[in-house]
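Peer 1:
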Ligand SMILES: [Zn+2]
């Protein structure tokens, strides 16, 4: 079959590029987001034409998810598959730095340029094109095939989580986000807010009474107290770097970044509140809950050593469902079982098409794949496009790579959905 697929994809590549051009034309930039209705309608329409039953719902206003399911001919006994891709794209920044149009596909020197080509409208176009060609070839799929076209990945507004919450599941899931066609698991990310809040508010002139013996006012600057929290986080980060590791990751990947600090109200006051926004990276065998617990426990001990903080305890707020609405996000980690039959099958399909063994390892980035893994669905990341292209000026994807990915995907879908559970 692989030769037939290869030939067909090569012959019809202009159609794939046309499809990609259609997707790129929708400016689904996030943030600001709330701009994906038309593109999702386009994708629903495409899937319905290919005999998928589609459902759509708003994850946020003007940002719907689309799930299309093509029922297999023997879905009870044969494996089902989710192919998941996000259709929101990264911010553009200064358009004048681009040498090609941002939302109009430009092809030159074997590359297709435009925002989202690599991350990840190229992969979504390839997925749609693969199911279209499989249909045209009348290839029977005995197991169910489910396409999840999700919103919100760029701003931590996991549309994928919304699919999971609605109960969409399968025997295996493929997140086709940029991985340079390597088969990846991933570490996780959680953001958190640590707040120090004084019970009282003092005018700047009161500072002298807070500092010296006999001053008699038991007060403190929340900003100054936050310095102890930051020092505590640095200690913990260093401790993690030497005590935790995971195969496939450089030592010290598990960082704690004090990313944003806010606090104080005015130069005429002693700062009564200070908030620190941190970004925490963790390893695939850890959960965001356990990592948050570790940080809280450590910082509460730091606070216990300070008489004022003992009476004004640290407040924590972890994660969130949106960087836009809540200033918080979670990307769960994804442990990967390289021995899982589907992973081995994907590696075989890759090798048949590419004549090179597939690399199976860990992503340097995070994707929505963690949500599917957390829901108990065996999942890997496998997609075209390079990580360094994602979010870049003059974003591009190698056209040859896009064709190669399409062929491998066709082969994998056909084989997996025709394998008995
Ligand atoms: Zn992406």
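Residue numbers (my numbering): 295 to 715.
C-beta atoms are modelled at their ideal positions from N, C-alpha and C, and glycine is treated no differently.
Given the structure is predicted, the values throughout are model-derived calculations rather than measurements.
Since residue 349 is in the beta strand (DSSP E), which residue starts that stretch and which ends it?
Peer 2: 347-354
Peer 1: Evaluate residue 587 with the Cβ neighbour count: other Cβ atoms within 10 Å of its Cβ, from every protein chain shown; 16 or more gives buried, anything less gives exposed.
Peer 2: Within 10 angstroms of the beta-carbon of residue 587 lie fewer than 16 other beta-carbons, which makes it exposed.
Peer 1: Give a single yes or no on whether residue 716 has its beta carbon closer than 8 Å to a heavy atom of ligand 1.
Peer 2: Since the displayed the chain opens at 295 and closes at 715, residue 716 lies outside it and no answer follows.
Peer 1: Less than 8 Å between the CB of residue 661 and some heavy atom of ligand 1, yes or no?
Peer 2: Short note on residue 661: C-beta closer than 8 Å to some heavy atom of ligand 1.
Peer 1: Please report the distance separating the alpha-carbon of residue 320 from that of residue 702.
Peer 2: The alpha-carbon atoms of residue 320 and residue 702 are separated by roughly 27 Å.
Peer 1: Specify whether the region 444-459 and the region 368-386 touch according to this definition: at least 3 beta carbon pairs, one from each stretch, less than 8 Å apart.
Peer 2: Contact holds between the region 444-459 and the region 368-386, because three or more Cβ pairs, one in each stretch, are under 8 Å apart.
Peer 1: From what residue to what residue does the beta strand (DSSP E) around residue 674 run?
Peer 2: 673-675
Peer 1: Closest by CA to residue 455, which one among 356, 415, 671?
Peer 2: 671
Peer 1: Could you check what DSSP says for residue 358 in three-state terms: helix, strand or coil?
Peer 2: strand
Peer 1: Closer than 6 Å by C-beta to residue 568: which residues in its own chain qualify, once you throw out the five before and the five after it? Chain order, please.
Peer 2: 490, 516, 517, 520, 557
Peer 1: Along the beta strand (DSSP E) that carries residue 539, what are the first and last residues, could you check?
Peer 2: From DSSP, residue 539 is part of no beta strand (DSSP E); its letter is neither H nor E.
Peer 1: What residues in its chain sit with their C-beta under 6 Å from that of residue 695, if we drop five residues either side in the sequence?
Peer 2: 678
Peer 1: Just to be sure I understand the criterion: a residue counts if its Cβ is closer than 5 Å to at least one heavy atom of ligand 1. Which residues meet that?
Peer 2: Residue list for ligand 1: 413, 414, 471 (CB closer than 5 Å to any heavy atom, chain order).
Peer 1: My assumption, with CB atoms under 8 Å, is that residue 464 sits in contact with residue 440. Please give the rounded CB distance.
Peer 2: 6 Å
Peer 1: If contacts are defined as beta-carbon pairs under 8 Å, then residue 458 and residue 665 qualify, I think. What distance do you get, rounded to the angstrom?
Peer 2: About 5 Å separates the CB atoms of residue 458 and residue 665; that is less than 8 Å, so the two are in contact.
Peer 1: Express the C-alpha separation of residue 415 and residue 661 in angstroms, rounding to a whole number.
Peer 2: 14 Å
Peer 1: Where does residue 408 fall in DSSP's three states?
Peer 2: coil
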